[in-house]
Amino acid sequence: MEQYIIKGGKALAGEVTIGGAKNAALGILAAAVMTDEPVVIENLPDIRDINVMLQTMENIGAKVERLDRHSVRMCSGNISCMNVENEYIRKIRGSYYLIGALLGKYKQAQVALPGGCNIGSRPIDQHIKGFEALGAVVKIQYGLIQAEAKHLTGSHIYFDMVTVGATINVMLAAVLAEGLTILENAAKEPHIVDVANFLNSMGANIKGAGTDVIRIKGVPKLHGSTYSIIPDQIEAGTFMLVAAATKGDVTIKNVIPKHLEAITAKLEEIGVQVEEFDDSIRVVATKRLGHTQVKTLPYPGFPTDMQPQISTLLVISEGTSIVTEGVFENRFKYVDELAKMGASIRVEGTTAIIDGVDLLTGAIVSAPDLRAGAALVIAGLVAEGYTVVEQVEYIERGYEDFESKLCELGAVMEKIDANDEKAVRKFKLKAC
1428 MEQYIIKGGK
1438 ALAGEVTIGG
1448 AKNAALGILA
1458 AAVMTDEPVV
1468 IENLPDIRDI
1478 NVMLQTMENI
1488 GAKVERLDRH
1498 SVRMCSGNIS
1508 CMNVENEYIR
1518 KIRGSYYLIG
1528 ALLGKYKQAQ
1538 VALPGGCNIG
1548 SRPIDQHIKG
1558 FEALGAVVKI
1568 QYGLIQAEAK
1578 HLTGSHIYFD
1588 MVTVGATINV
1598 MLAAVLAEGL
1608 TILENAAKEP
1618 HIVDVANFLN
1628 SMGANIKGAG
1638 TDVIRIKGVP
1648 KLHGSTYSII
1658 PDQIEAGTFM
1668 LVAAATKGDV
1678 TIKNVIPKHL
1688 EAITAKLEEI
1698 GVQVEEFDDS
1708 IRVVATKRLG
1718 HTQVKTLPYP
1728 GFPTDMQPQI
1738 STLLVISEGT
1748 SIVTEGVFEN
1758 RFKYVDELAK
1768 MGASIRVEGT
1778 TAIIDGVDLL
1788 TGAIVSAPDL
1798 RAGAALVIAG
1808 LVAEGYTVVE
1818 QVEYIERGYE
1828 DFESKLCELG
1838 AVMEKIDAND
1848 EKAVRKFKLK
1858 AC
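Following my numbering, the numbering of the sequence shown begins with 1428 at its first residue and continues without gaps.
Structure, rendered in C-alpha cells:
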C-alpha cells in the first residue's frame, strides 16, 4: 500500500495542465463498443478507473491498441461475450454504461452491479425504468444486471429525479432503437454533452444534450470516429481550491471556464481572485478568505464532487460557513479525518457547520473516497508540520499524476510505501 507524505505551509505557484474528464471517458469508452468500425479516442486520462474499463472491454472481445499514454484505438467488431463480470469492474461506477451500450447494439447485456466510492445511495431504478420503457426485460440476479430485448423501440421517458448515470445509460440504448426517444428531466452535466457529441460523431442523432429534454432519433448503425474528450472539470476545480487554500498563484490550463462557473462564483465570493481566459483560468489568493454557504446541486449548480475540497478550504477561512450536501447523503466521512488536524466541523444530517480555524496541524489521515482523499491532500498542503494521507488508491481512481502535478507547483510531498520507514525519514531530512 502507498501513501502520501506532505510537508505543508508552502504557497503553490505555476502552471498545471488538466487531463481528460474521467466521467465523460467512461461513457465514451462504453459507447465505442456500439460500432464495428475503428474508433480513436484522444485526451483519455491515465487513471485506474479508465484502465479497468479498457481491460474489461478487451475481456469481452474488443481490440484495444494504445497509441500513446492518452490515446487509444478500439475496434469492437468481434465482441462475442455479453457477460461483463470480473473482480475489477465491480469497483468502478461507470461499468454500468456497458449495459446501455451492449443492450443497444446486441439487445442483451449482463453486467456486474457497479461499485465506486461509498458516498451514499446511488440506486439504478431509473436506469431500469428507461430500459424497460424501450422494450427490454431487466432482472437483477446473482449480482448481475441482466437486460434483454427482441428489439428496442423509442419511448417518452420522464426521469423521477435528475440522474447523470441513467441519462447517459438510456441515451446509449436509445441511439440504436427504432423511432424517437425523448428523455425528460435529463441531467445536464458537461460529460453528458460530451458522450452525446461522441455518439453524434459516429452517426447518432441526438439533440438537446445539456438541457433537461434530450431527443434521440434511432439510427440503423454507427460508424467509426476520432474524438477528443473534454477537460475534467473536477480535476480543474480541485487545483483551483489548491491555489486558494495555499494562498498561491496557479494558472490551470486546458479547461473550459464555463464548466467551472459555480466554483468560480464561490471562490470570488470569499475573496479569491479568479481570471478567466479562453482555455485556462488563473487563481490567486493573497489573504485569509471569508465564509459562505454552499449547497451541492446537479449541474449547473455547485458540484457534489467538489464539496469535500471547498469544505476543507472553508475550515481555514474566517467565520462560520455552512455546507449542505444536496446529492449524496454519505459524503461527510472525511470530517473525522479533518478533525484530527484541528478542524472545527459538526455535521447535522446533510449539513456541515464549519467554524474557521487559524491553523491546521499535520496528522495521519485516511482517504475514505476519491474526492475526500483530494480534500485531505489540500489540508496537508496547508497544515503545519507533516501529514500522511493513507489509501491513496482512492485518489488515483480519478487524478492522474496528482502528486507530480502538485510538486511541479512547489508542493513538498512524495508517494511512498506505507511500510517504508526509511523513506519517511529520508523525506523529512530532505524537506527540512
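Here a beta-carbon is modelled for each residue, glycine too, at the ideal position from N, C-alpha and C.
Can you check which of these residues, the options, is closest to residue i by C-alpha distance?
i, options, result
"GLU1695", "LYS1634, THR1751, VAL1819, LEU1668", "LEU1668"
"GLU1827", "LYS1449, GLY1436, ILE1433", "LYS1449"
"GLU1830", "ASN1612, GLY1812, GLU1811, VAL1804", "VAL1804"
"LEU1716", "ASP1705, THR1731, GLY1698", "GLY1698"
"THR1444", "LYS1680, VAL1819, GLN1430", "LYS1680"
"LEU1579", "GLN1430, VAL1564, LEU1494", "VAL1564"
"SER1498", "ALA1636, LEU1529, GLY1447", "GLY1447"
"LEU1833", "ILE1657, GLY1645, ALA1440", "ALA1440"
"VAL1589", "VAL1711, ASP1552, ILE1487", "ASP1552"
"THR1777", "GLY1789, GLU1702, GLN1734, SER1771", "GLN1734"
"ALA1692", "PHE1729, ILE1661, ILE1657, GLN1430", "PHE1729"
"VAL1711", "ALA1858, ALA1438, TYR1431", "ALA1438"
With a threshold of 16 other CB atoms inside 10 Å of the CB of residue i, please say whether the residue is buried or exposed.
i, result
"ILE1546", "Reliability fails at ILE1546, whose pLDDT of 44 lies under 50, so the model's placement of it is uncertain and no value is given."
"LYS1577", "exposed"
"GLN1482", "exposed"
"GLY1435", "buried"
"ARG1852", "exposed"
"TYR1813", "buried"
"GLN1537", "buried"
"LEU1856", "exposed"
"TYR1569", "exposed"
"SER1548", "Residue confidence for SER1548 is low, a pLDDT of 43 falling below 50, so the modelled location carries little weight and cannot support an answer."
"PRO1647", "exposed"
"LEU1494", "exposed"
"ASN1846", "exposed"
"ARG1773", "exposed"
"CYS1502", "buried"
"ARG1496", "exposed"
"ARG1824", "buried"
"ALA1593", "buried"
Would the beta-carbon of residue i fall within 8 angstroms of that of residue j?
i, j, result
"MET1768", "ALA1810", "yes"
"GLU1605", "ILE1584", "no"
"LEU1599", "ALA1457", "yes"
"LEU1808", "THR1673", "yes"
"VAL1682", "ALA1663", "yes"
"ALA1614", "PRO1725", "yes"
"VAL1816", "GLY1837", "no"
"GLY1527", "ASN1596", "yes"
"ASP1796", "TYR1821", "yes"
"LYS1376", "LEU1607", "The structure shown does not extend to residue 1376, since the chain is modelled only from 1428 through 1859, so no value can be given for it."
Could you round the C-beta distance between residue i and residue j to whole angstroms and report it? I think they count as a contact, below 8 angstroms.
i, j, result
"LYS1722", "THR1751", "4 angstroms"
"TYR1654", "ILE1455", "7 angstroms"
"GLU1764", "SER1793", "6 angstroms"
"TYR1523", "PRO1541", "5 angstroms"
"ILE1864", "MET1480", "Residue 1864 is absent from the structure shown; the chain starts at 1428 and stops at 1859."
"ALA1802", "SER1738", "7 angstroms"
"ALA1574", "PHE1558", "5 angstroms"
"ILE1609", "ARG1642", "5 angstroms"
"THR1747", "ASP1782", "5 angstroms"
Does the CB of residue i have a neighbour CB from chain B at under 8 angstroms?
i, result
"ILE1526", "In the structure shown, chain B does not exist; there is a single protein chain."
Under 8 angstroms, with one C-beta from each stretch per pair, do the region 1464 to 1483 and the region 1644 to 1654 reach the 3-pair mark? yes
Does the region 1613 to 1627 come close enough to the region 1664 to 1678 that 3 or more CB-CB pairs lie under 8 angstroms? no
Can we say the region 1702 to 1710 touches the region 1735 to 1752, given the rule of at least three CB pairs closer than 8 angstroms? no
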